[in-house]
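Colleague:
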Amino acid sequence: MLSYRVMLDVPRELMVFVSGLLAAHRREIGTRKGTRKLGCYRQALFGLAWFRDKGSIPRLGAGFGLPQSTACRYLDEVIDVLAARAPGLAEALERAVAAGTPYVILDGKVVDADRCREKTLSRKGKVIDLWYAGKTHDFGGNIQGLFYPSGIPMWISDVLPGNVHDLAAAREKVLAVLRPFLDAMPALADPGYEGAGHGVNVPVKKPARGELDIDTKTRNALLRSRRYQGERGFALMSQRWRAIQHVSLSPTTIGDIVKSALVLTQFEHKMIS
Numbered sequence: 059m060l061s062y063r064v065m066l067d068v069p070r071e072l073m074v075f076v077s078g079l080l081a082a083h084r085r086e087i088g089t090r091k092g093t094r095k096l097g098c099y100r101q102a103l104f105g106l107a108w109f110r111d112k113g114s115i116p117r118l119g120a121g122f123g124l125p126q127s128t129a130c131r132y133l134d135e136v137i138d139v140l141a142a143r144a145p146g147l148a149e150a151l152e153r154a155v156a157a158g159t160p161y162v163i164l165d166g167k168v169v170d171a172d173r174c175r176e177k178t179l180s181r182k183g184k185v186i187d188l189w190y191a192g193k194t195h196d197f198g199g200n201i202q203g204l205f206y207p208s209g210i211p212m213w214i215s216d217v218l219p220g221n222v223h224d225l226a227a228a229r230e231k232v233l234a235v236l237r238p239f240l241d242a243m244p245a246l247a248d249p250g251y252e253g254a255g256h257g258v259n260v261p262v263k264k265p266a267r268g269e270l271d272i273d274t275k276t277r278n279a280l281l282r283s284r285r286y287q288g289e290r291g292f293a294l295m296s297q298r299w300r301a302i303q304h305v306s307l308s309p310t311t312i313g314d315i316v317k318s319a320l321v322l323t324q325f326e327h328k329m330i331s
């Protein structure tokens with residue numbers, strides 16, 4: 059067997075932040091000193107290496123001297139402590155209003171995942187794959203996100219199966235809490251959210267016959283010029299933390315994994331400490 063060193067391009071401050079979360083978790087559950095294979099700092103290093111490079115868990119764990127079962131357990135622990143720091147929806151919105159945020163961007167994403175055999179019934183009574191997303195023609199989980207006008211992610215929802223449409227997912231996970239904030243802070247969204255109701259601004263579709271008038275075209279152009287930052291927000295997380303590009307763990311963990319990436323992204327942009 060051969061080994062080699064690699065550089066992990068994350069700031070030391072982020073490593074200290076994650077190791078602090080792990081240390082607090084160990085105190086909370088009463089972990090005795092000297093009973094773990096890795097200390098908090100090394101466990102944080104292991105977890106961040108997985109998030110950054112999307113490595114094989116058994117292979118990455120072996121590099122830290124961990125058997126596969128322990129590597130999986132340590133990674134689950136890192137995900138849990140990070141996801142626990144992600145803001146709730148009401149908390150994130152109240153913080154945005156207090157900061158004078160003029161609007162938020164609502165967007166959804168299907169995070170690729172390994173195929174899951176779980177089945178469900180379609181509206182027509184046909185047996186279909188629960189986690190198959192028609193949006194991407196692949197398997198994955200639907201997550202909803204809110205973003206600041208700059209594109210920095212504000213909040214991420216729990217995961218829903220890939221066959222759930224963005225509008226249905228938003229109605230279940232977002233709109234009930236978001237609605238009271240929309241008068242002061244409207245939401246911008248893509249045409250997939252048409253029908254979301256007052257305060258959620260979407261482009262007007264071109265009629266089957268005829269053309270849009272110049273005012274509507276201008277409004278659509280303005281919406282597109284602002285709304286694209288939501289897609290940039292997902293890119294900020296997925297390009298920096300490659301583990302969320304394709305999740306090989308259970309698709310039910312997608313929500314916590316992306317919430318963890320949200321916390322890491324917000325820390326690097328100095329939004330939390």
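Just so you know, my numbering puts 206 at position 148 of the sequence shown, and the rest follows in order with no gaps.
For each residue, glycine too, the CB sits at the ideal point set by N, CA and C.
Where in the segment 188-257 do unbroken runs of the beta strand (DSSP E), each at least 3 residues long, occur, reported from the N-terminal end onward?
Modeller: Taking only runs of at least 3 residues, the beta strand (DSSP E) segments lying wholly in the segment 188-257 are 196-205, 211-214.
Colleague: Go ahead and label M295 buried or exposed: buried means 16 or more other beta carbons lie within 10 angstroms of its beta carbon, across all protein chains shown.
Modeller: Looking up residue 295 in the sequence shown gives position 237. So M295 counts as buried.
Colleague: For T310, which of I137, K91, I330, L164 has the nearest alpha-carbon?
Modeller: Taking the sequence shown and counting its residues from 1, the one referred to as residue 310 is at position 252. Closest option to T310, Cα to Cα, is I137.
Colleague: Tell me which residue opens and which closes the beta strand (DSSP E) that G88 is part of.
Modeller: Taking the first residue of the sequence shown as position 1, residue 88 is located at position 30. Neither: G88 is in no beta strand (DSSP E) and is coded neither H nor E.
Colleague: Using beta-carbon positions only, say whether A191 and G220 come within less than 8 Å of one another.
Modeller: Here residue 191 corresponds to residue number 133 of the sequence shown, with the count starting at 1. Here residue 220 corresponds to residue number 162 of the sequence shown, with the count starting at 1. Closer than 8 Å, so yes.
Colleague: For S215, tell me which candidate among V232, R143, L79 has the shortest Cα-Cα distance.
Modeller: Taking the sequence shown and counting its residues from 1, one reaches residue 215 at position 157. For S215, the nearest C-alpha among the options comes from V232.
Colleague: Rank C98, A227, D187, Y206 by C-alpha distance to the C-alpha of F197 and give the top, closest one.
Modeller: For this step, residue 197 is matched to residue 139 along the sequence shown. Looking at the Cα atoms, D187 is the closest of the given residues.
Colleague: Following the continuous beta strand (DSSP E) through A102, name the residue where it begins and the one where it ends.
Modeller: Looking up residue 102 in the sequence shown gives position 44. Not the beta strand (DSSP E): A102 falls in the alpha helix (DSSP H), residues 98-111.
Colleague: Would you mind giving the Cβ-Cβ distance between G203 and F292, rounded to the nearest angstrom? I have them listed as a contact below 8 Å.
Modeller: As a first step, residue 203 must be located in the sequence shown, where it is residue number 145. As a first step, residue 292 must be located in the sequence shown, where it is residue number 234. Contact holds; Cβ gap of about 7 Å.
Colleague: Cα separation between I201 and I312?
Modeller: What you label residue 201 is simply residue 143 of the sequence shown in a count that begins at 1. What you label residue 312 is simply residue 254 of the sequence shown in a count that begins at 1. Roughly 8 Å separates the two Cα atoms.
Colleague: For D67, name the three-state secondary structure that DSSP assigns.
Modeller: Within the sequence shown, residue 67 is the residue found at index 9, counting from 1. Coil.
Colleague: Using a Cβ-Cβ cut-off of 6 Å (strictly less than) and excluding sequence neighbours within five positions of A141, which residues of its own chain qualify?
Modeller: Mapped onto the sequence shown, residue 141 falls at position 83. Correct list, in chain order: D314, K317, S318.
Colleague: For G257 and L240, I'd like the C-alpha separation in whole angstroms.
Modeller: As a working note, residue 257 is residue 199 in the sequence shown. As a working note, residue 240 is residue 182 in the sequence shown. The straight-line gap from Cα to Cα measures roughly 5 Å.
Colleague: Please confirm if the segment 295-307 is in contact with the segment 165-176, defined as three or more CB-CB distances below 8 Å between the two stretches.
Modeller: With a cut-off of 8 Å, the segment 165-176 and the segment 295-307 count as touching, because enough Cβ pairs lie within range.
Colleague: Could you pull the start and end residues of the beta strand (DSSP E) that A156 belongs to?
Modeller: As a working note, residue 156 is residue 98 in the sequence shown. Taken as a continuous stretch (DSSP letters only), A156 belongs to no beta strand (DSSP E), being part of the alpha helix (DSSP H) at 147-156.
Colleague: Using the C-alpha atoms, what's the distance from C98 back to E162?
Modeller: Position 104 of the sequence shown, counted from the first residue, corresponds to residue 162. Position 40 of the sequence shown, counted from the first residue, corresponds to residue 98. With the sequence shown as reference, residue 162 is identified as Val, and Glu is not the correct amino acid for it. Approximately 36 Å between the Cα atoms of the pair.
Colleague: Starting from H304, follow its DSSP beta bridges and name the residues at the other end.
Modeller: Counted from its first residue, the sequence shown places residue 304 at position 246. Paired residue(s): D170.
Colleague: Specify the secondary structure class of L72 as computed by DSSP and reduced to three states.
Modeller: On the sequence shown, residue 72 is found 14 positions in, with the first residue counted as 1. Note: L72 maps to helix in three-state DSSP.
Colleague: Give every residue of the same chain whose Cβ lies closer than 7 Å to the Cβ of L179, excluding the five residues on either side of it in the sequence, and list them in chain order.
Modeller: Your numbering for residue 179 matches position 121 in the sequence shown. Correct list, in chain order: V185.
Colleague: If I measure Cβ to Cβ from R290 and keep anything under 7 Å in the same chain, skipping five residues before and after, which residues do I get?
Modeller: For this step, residue 290 is matched to residue 232 along the sequence shown. For R290, where only same-chain residues beyond five positions count, the Cβ hits under 7 Å are G209.
Colleague: Starting from T323, follow the alpha helix (DSSP H) in both directions and report where the run begins and ends.
Modeller: Residue numbering aside, residue 323 sits at position 265 when the sequence shown is read from its first letter. That run of the alpha helix (DSSP H) goes 312-326.
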